[in-house]
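> I have a structure I would like to understand better, so I am pasting it below and will then ask my questions one at a time.
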Amino acid sequence: MKHQFYAKSILLLLLLVPFSLASQDKPNLIWGKPIESLKGYEINQVFGADDDVFYVFRQNKRKKYPYALQKISTDSLTVLGERIFSLSELKGNEPKIIQTLNIGRKLYFIATTTESAIDSVNIYAYEILDKPNIEATPTLLARVNRKALNTERDFTIFKDDGNELFTLILPQETEPQKNEKFELLLFNSLLEMVNSKIIELPYPSNVLEYTDALVDSSGAIYVLASIINPSLSALNKDRNIGRNFSLFKYGWETETLVEKSLSLGSKWLYDVRLFLNKNNNIQVAGYYSNMVDLIMAGTFSLELDKTTGKILNQGLNPFDREFRTKFRPKGGNISETELGMFNLDYVFPAADGGTQFISEKNYTETSTVFNPGTGTYSIITVYNYDEILLTTINESSKIKYNIMIPKFQSSTSLYDSYTSYIAFSESDKTFFIYNDNDRNRDLGVDASSGYRQLTSAASTVAVLVVVHKNGETVKIPLYTSSKEKPVLNTNFFYQTRDGVVLLTNSGYDSQFVKLKLRE
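Letter by letter, the sequence shown follows residues -22 to -1, 1 to 497 of mature numbering (1 follows the signal peptide of the UniProt record, and there is no 0).
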């Protein structure tokens, strides 16, 4: 997807005071009552701006009023208010809510309308009021040529580290052979435009995609972009294989655009992210691949002083032989090794200057089944969500440890509520929550065999794994699903100062549960 970005990479880190968990500790779970209202409205997002309440945004496109919003207490998990609503037409066009925005303790819905007559996509912000309610008159943030977008969602909002500024990055070029142009818009939390500028990057729009971006406290905007090598286009299906990367910085005071090439010579950046680290410096980090073996081969990191642009730390570190031999290629084909199946989901900067990468092995299996009763064939696709890989590096990219967390889930649906996982971190601990087969509840993280596959939402146990700074791991079963305690839905969660609010589902009913991590 053009201008793809990774929503998971911008989740807020959990801020907790130090605490200790041992494997025998009983988890402190607070269960809310089942929410039986708004049946048929699917949960789209769980979000908020403080520790006291959170909001649940729901949709049902078949309804006259397609949207619903609930306000829920983070302590009692009771519904404090809810509203079913639609958005009034703007200039004869129906607005569509595409995401939420939390900025400066204010909450907004971001919506778009399309004016077909002039090929324009308009981007609006609706303030979410306390009751909850929705501001009747939205603020127009921007207008962009629809031909410059692949879809109406093809723009991205990035916030600064202090959550007071945000930027919109809007593609402008409609001719694929011409240099790509972006409009940069900088806003404060009151939706007042602070700055705007159209920049031109020295690459044709059909070979350039931006992967990530950020805005620092001064308002300077950084864009991590990949440039496709057309002669190697057959390799593009393998993530970033066949691409070079550049980091662009635009400063409002100097009105200059600076490019820094991230070319690695005989290697490719495989899965990378851009972020501000704990030292308040710019960092690009992730995995790299050799040009011959199209799988992740090790870690990469580059740290820059955001004021001077000086390189502070950089390095490549290959996986050691012992780690690589755990992932044997299938049938001698190196591109089918399990190291080619991991996708980078989270990057967590550590307080000591290091970085954590968290990836999940996911892949599909397709088989053809003959039905002798009907004499027909059917194709069955199974989506697998397996082990979690935690890689921790120091400032120069040297790998401190790799930890594999065994998790074997499969489903015939691309996304299912019981598959995948949740991850969050604080200064010296990283937390993982996921569903497992109940028969695995007594197996440790380091167990080399005996793990059973989870193939449905039946007989699941929700599991918490805590990884300490030194690599020590603790596995704690949270609860076994039942009629009274529905299956954990890992697609949604909300972090508070004293824990994390989780969503569970049973049919059309939803129920929240809070895992308290301190009193």
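Don't be surprised by glycine CBs; every beta carbon is placed ideally from N, CA and C.
1. Comparing alpha-carbon positions, which option in Asp364, Ala275 and Ile289 lies nearest Glu300?
2. Tell me the residue span of the alpha helix (DSSP H) that contains Phe301.
3. Per DSSP, which residues does Gln37 bridge with? Please list them.
4. Can you check which of these residues, Tyr86, Lys69 and Ile81, is closest to Ile75 by C-alpha distance?
5. Taking just the CA atoms, how far does Val122 sit from Ser484?
6. For Val491, name the three-state secondary structure that DSSP assigns.
7. Evaluate the contact criterion for the segment 15 to 31 versus the segment 443 to 452: three or more CB pairs, one atom per stretch, below 8 Å.
8. Beta-carbon separation of Asp364 and Phe348 under 7 Å?
9. Evaluate Ser488 with the Cβ neighbour count: other Cβ atoms within 10 Å of its Cβ, from every protein chain shown; 16 or more gives buried, anything less gives exposed.
10. Entirely within the segment 95 to 180 and at least 3 residues each: give me those beta strand (DSSP E) ranges in chain order.
11. Helix, strand or coil: how does DSSP classify Ile76 here?
12. Could you give the first and the last residue of the continuous beta strand (DSSP E) run that contains Arg83?
13. Would you kindly work out how many angstroms separate the C-alpha atoms of Gly243 and Ile199, rounded to a whole number?
14. Between the alpha carbons of Asn258 and Arg251, how many angstroms are there, rounded?
15. Alpha carbon to alpha carbon, what distance is there between Asn362 and Leu432?
16. Find the nearest neighbour of Asp190 within the set Ser224, Leu179, Pro5 and Ser54, judged by alpha-carbon distance.
17. Report the start-end ranges of each alpha helix (DSSP H) in the segment 434 to 482 that is 4 residues or longer and not cut off at the edges.
18. Starting from Tyr261 and walking both ways along the beta strand (DSSP E), at which residues does that stretch end?
19. In the DSSP assignment, find the beta strand (DSSP E) that holds Asn295 and state where it starts and stops.
20. Check for me: the beta strand (DSSP E) holding Gln340 runs from which residue to which?
21. I need the boundaries of the beta strand (DSSP E) containing Glu187, first residue and last residue.
22. What do you reckon, are the CB atoms on Arg417 and Pro455 nearer than 7 Å?
23. Between the alpha carbons of Leu317 and Val445, how many angstroms are there, rounded?
24. So is Gln155 buried or exposed if we call it buried at 16+ other beta carbons inside 10 Å?
25. Assign Ala425 to one of two classes, buried (16 or more other C-beta atoms within 10 Å of its C-beta) or exposed (fewer than that).
26. Checking 7 Å against the spacing of the C-beta atoms, do Tyr45 and Phe32 come in under that value?
27. Is the beta carbon of Ala435 closer than 7 Å to that of Val465?
28. Compute the Euclidean distance between the alpha carbons of Ser204 and Lys17, then round it to the nearest angstrom.
29. Using the Cα positions of Ile336 and Trp230, report the straight-line distance between them to the nearest angstrom.
30. Is it the case that the Cβ atoms of Leu290 and Phe278 are separated by a distance below 7 Å?
31. In whole angstroms, give me the CA-to-CA distance for Leu47 and Ser388.
32. On the DSSP bridge list, what partners appear for Lys4?
33. Relative to the C-alpha of Thr90, which candidate in Leu282, Asn100 and Val24 has its C-alpha closest?
34. Is Gly59 helix, strand or coil by DSSP?
35. Evaluate Asp147 with the Cβ neighbour count: other Cβ atoms within 10 Å of its Cβ, from every protein chain shown; 16 or more gives buried, anything less gives exposed.
36. Could you give the C-beta distance for Gly197 and Val172, rounded to a whole number, given that I count them as a contact under 8 Å?
Considering the structure as presented:
1. Ranked by how close their Cα comes to the Cα of Glu300, the residues Asp364, Ala275 and Ile289 have Ala275 in first place.
2. For Phe301, the uninterrupted alpha helix (DSSP H) run begins and ends at Arg299 to Arg302, by DSSP.
3. Glu20 and Tyr45.
4. Comparing alpha carbon positions, the residue from Tyr86, Lys69 and Ile81 closest to Ile75 is Tyr86.
5. Using only the alpha carbons, I get a separation of about 42 Å.
6. Val491 carries a strand assignment under DSSP once its states are collapsed to helix, strand and coil.
7. Touching, no.
8. No; because the gap between Cβ atoms is not below 7 Å, this pair is not in contact.
9. It counts as buried.
10. Listed in chain order, they are 98 to 107, 117 to 123, 134 to 137, 143 to 149 and 157 to 166.
11. Residue state, collapsed to three classes: strand.
12. Run containing Arg83: none; DSSP gives neither H nor E here.
13. Rounded to whole angstroms, Gly243 and Ile199 show a C-alpha spacing of 27 Å.
14. Taking the CA atoms as reference points, Asn258 sits about 15 Å from Arg251.
15. Their Cα atoms are separated by approximately 10 Å.
16. Check the Cα spacing between Asp190 and each of Ser224, Leu179, Pro5 and Ser54: the tightest is with Ser224.
17. Correct list: empty.
18. The residue you asked about is not Tyr; residue 261 is Gln in the sequence shown. In this chain, the beta strand (DSSP E) harbouring Gln261 covers Ile260 to Asn268.
19. Annotation: the continuous beta strand (DSSP E) that includes Asn295 extends over Ile289 to Pro296.
20. Checking the displayed sequence, the identity of residue 340 turns out to be Asn instead of Gln. Asn340 -> beta strand (DSSP E) spans Thr333 to Asn349.
21. Segment Leu186 to Val193, the beta strand (DSSP E) holding Glu187.
22. No, Cβ-Cβ distance for Arg417 and Pro455 is not below 7 Å.
23. Rounded to whole angstroms, the gap between the alpha carbons of Leu317 and Val445 is 22 Å.
24. With fewer than 16 Cβ atoms within 10 Å of its Cβ, Gln155 is classed as exposed.
25. Around the beta-carbon of Ala425, fewer than 16 other beta-carbon atoms lie within 10 Å, marking it exposed.
26. Not a contact, by the Cβ cut-off of 7 Å.
27. In terms of Cβ geometry, Val465 and Ala435 form a close pair [threshold 7 Å].
28. Computed Cα separation, rounded: 43 Å.
29. Roughly 34 Å separates the two Cα atoms.
30. The answer is no: Cβ separation not under 7 Å.
31. Taken atom to atom, the span from the alpha-carbon of Leu47 to that of Ser388 is near 32 Å.
32. According to DSSP, Lys4 bridges with nothing at all.
33. Looking only at Leu282, Asn100 and Val24, the smallest Cα-Cα distance to Thr90 is reached by Asn100.
34. Note: Gly59 maps to strand in three-state DSSP.
35. Per the sequence presented here, residue 147 reads as Ile, with Asp not at that position. Buried, since its Cβ has 16 or more Cβ neighbours within 10 Å.
36. Confirmed, about 6 Å.
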